[in-house]
Structure formats: C-alpha cells, structure tokens
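The structure under discussion appears below in the form of structure tokens.
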Amino acid sequence: MRRSRHITPASHSSDVHDGEPSPADSLRYLVHLPNDYETDPDRLWPLVLFLHGAGERGSDVDLAAVHGPPRLADAGHEFPFILVTPQCPESSQWVAELTTLSVLLDEVAAAHRIDPARVAVTGLSMGGFGTWSLAVRYPDRFAAIAPICGGLWMQSAAPIRALPTWAFHGDADDVVPISATEQIVAELRSLDADVRFTRYAGVGHDSWTETYANPELYSWLLSHRQNNHDTERAAP
1473 MRRSRHITPA
1483 SHSSDVHDGE
1493 PSPADSLRYL
1503 VHLPNDYETD
1513 PDRLWPLVLF
1523 LHGAGERGSD
1533 VDLAAVHGPP
1543 RLADAGHEFP
1553 FILVTPQCPE
1563 SSQWVAELTT
1573 LSVLLDEVAA
1583 AHRIDPARVA
1593 VTGLSMGGFG
1603 TWSLAVRYPD
1613 RFAAIAPICG
1623 GLWMQSAAPI
1633 RALPTWAFHG
1643 DADDVVPISA
1653 TEQIVAELRS
1663 LDADVRFTRY
1673 AGVGHDSWTE
1683 TYANPELYSW
1693 LLSHRQNNHD
1703 TERAAP
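If you read the sequence shown in my numbering, its first letter stands for residue 1473, the second for the next number, and so on.
Put into structure tokens, the structure is as follows:
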C-alpha cells in the first residue's frame, strides 16, 4: 500500500510544522492507498478509519502507525480498502475530536474515490472509546464499527442500534475493564441490535494484536453496506 501524510482541515496545512503541536481543531493523518488504486479510475473503494490509543498521541504522525492496520500496511500487507489513520494531539483525546474527525472524513471523501456506503471505523483503547463515541455522534456515516477495549462515557448506545458492531475486549484488562464493553453490548442486545462480542479469556489490555491479525475482522467490516447510498462500480 502507498502511504502519504496530510493535515485536516486542509486550510490549516501551512500552520502545522514538523515537531510542533497541531493547532486546535487540526489533525495530522496518514492515508494508505491500495497498490491498484489507479488501475480503474472509476472504481470506488471502501474506507476504514483507524483510531490509535493514548500512547500514540503527539506531533509525530508516524507514531499513529505503531499498532493495528497501519502497522500491517507499512509491513507490506495489502488491504482491499483505503486506510485512514489520524493522530490525536498530545493534550487531547478522541472523544474531544469528533467534529474534526468528521471534517477529516469529508476531506478524504472529496480527495479520493470513496464508496460512501462502505465507510467503517475501528480503534483500540482510547481509540476504542473514540470509535464508540464517533459512531454514536454520527451513526449515519458508517456501515460497521469494530471498537477494541474501549467504552462510552455517560452516553447511551441507542443511536447505533441499527449499526453492525463487533466489539473486542480481554477479560483480564486492568486498564479498561471489560465491563466497559459488556455494558454497551448488553444495552445494544436489549435493543435487538446487530452486535457481536469477542471476549478474550486471560488477555489483558492488548486485545488488539490478535484482533487486527484476524482476516475475518476485515471481511466482516467489508461485508456491510449502508442502504441509503446509491453507488456504482464499487470495489468487491
């Protein structure tokens, strides 16, 4: 996959300097494009937004690729989707950046051939919290979500009752207790939501390495499509 660096909003690009904190309401981010992205200029591609954990915050966007799908892409794995990896500023957290993440998605969609019916979000730890919160804020933006060892702060999951969800958590997690995910899953199941929950027995906070190494996760994410979009020549 081909990797490039960007700033959102694009109008702030000249204000962002290497090694310096990002201005308020701005995010550095990486885009990984499939190697055959240019083969068919009419082809639309699924998009997966990945949200990193608290340890990867800062002003060096390469840190955002330490774990998860961007790490695999940098190592040579070819994904059949466009991968977008923003970096959260050092003094912030994803639940405070939801509006900026929405702007980022708008800008990526304007700059690339994105299938609007096949946009998914996944994240780990702080990024798991961000995944839940972003979906609750913008439930109509996504076809599926996969939060890992995250949770919700004083929010109901009811807005995503119709959104396919696959959550993951280790039952020995001593950083974010598994109850944070259990409570959300219980609420969604009470609403007859389409929710899967993978509980890793004896696994601590790092429940993401096994999750992102599982090809079934990506097949599941790509299997979902929103019904409120009409698109043509989308990637399989």
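All C-beta atoms in this analysis are idealised placements derived from N, C-alpha and C, irrespective of residue type, glycine included.
Pairwise C-alpha distance: residue j and residue i
i     : j     : result
E1682 : M1473 : 21 Å
A1644 : M1598 : 17 Å
C1560 : W1638 : 23 Å
P1517 : A1634 : The sequence shown places Trp at residue 1517, rather than the Pro named in the question. Straight-line Cα distance between these residues: approximately 23 Å.
L1519 : G1676 : 29 Å
L1693 : P1687 : 10 Å
W1680 : L1596 : 6 Å
R1529 : T1572 : 15 Å
L1523 : H1539 : 10 Å
E1704 : A1665 : Bear in mind that a pLDDT of 47 at E1704, under 50, signals an unreliable position, so the number given afterwards is only what the model happens to contain. Rounded to the nearest angstrom, the two C-alpha atoms are 28 Å apart.
V1648 : D1512 : 43 Å
L1663 : E1510 : 42 Å
C1621 : Y1610 : 20 Å
R1661 : P1636 : 12 Å
E1569 : P1558 : 11 Å
S1695 : A1618 : 13 Å
D1532 : V1567 : 20 Å
I1650 : G1642 : 6 Å
Helix, strand or coil at residue i according to DSSP, with G and I counted as helix
i     : result
Y1501 : strand
Q1709 : Any question about residue 1709 goes unanswered here, given that the chain covers just 1473 to 1708.
E1704 : Any reading at E1704 must be qualified, since the residue scores a pLDDT of 47, below 50, and its modelled position is unreliable; no value is offered.
G1642 : strand
Y1672 : strand
T1480 : strand
I1632 : helix
T1511 : coil
W1604 : helix
P1588 : strand
R1474 : strand
V1533 : helix
W1517 : strand
A1616 : strand
P1558 : strand
L1596 : strand
L1573 : helix
L1693 : helix
V1567 : helix
V1667 : strand
Residue closest to residue i, alpha-carbon to alpha-carbon, out of the options
i     : options                       : result
F1553 : Q1698, N1699 and S1691        : S1691
R1585 : I1650, Y1684, V1667 and H1504 : H1504
D1514 : D1587, S1476, S1563 and T1557 : D1587
N1699 : P1542, A1536, L1689 and A1615 : A1615
L1535 : L1502, P1506 and L1521        : L1502
V1608 : C1621, G1622, P1558 and S1628 : S1628
S1564 : G1623, A1581, L1499 and P1542 : L1499
S1574 : G1600, D1546, D1612 and G1548 : D1612
P1506 : R1475, V1567 and G1527        : R1475
L1576 : T1480, S1695 and A1685        : T1480
P1667 : L1555, W1604, D1678 and W1625 : According to the sequence displayed, residue 1667 carries Val and not Pro. It is W1604 whose Cα lies nearest to the Cα of V1667.
E1562 : G1527, F1551, P1541 and R1543 : G1527
F1551 : D1508, D1497 and A1582        : D1508
Residue i Cβ short of 7 Å to the ligand FMN heavy atom set
i     : result
D1514 : Summarising the ligand content, the structure contains no ligands, and the ligand FMN is consequently not present.
Inter-residue CB distance, residue i and residue j (contact presumed, cutoff 8 Å)
i     : j     : result
A1482 : E1579 : 6 Å
G1623 : F1640 : The pair is not a contact, with the Cβ atoms about 12 Å apart (cut-off 8 Å).
V1556 : L1606 : That belief does not hold up - the Cβ atoms of V1556 and L1606 are roughly 12 Å apart, past 8 Å.
Y1684 : P1541 : 6 Å
Quiz prompt | Meets three-Cβ-pair contact criterion under 8 Å: the region 1580 to 1597 and the region 1658 to 1675 | solution = The count of Cβ pairs closer than 8 Å, one atom from the region 1580 to 1597 and one from the region 1658 to 1675, stays below three, leaving the stretches out of contact.
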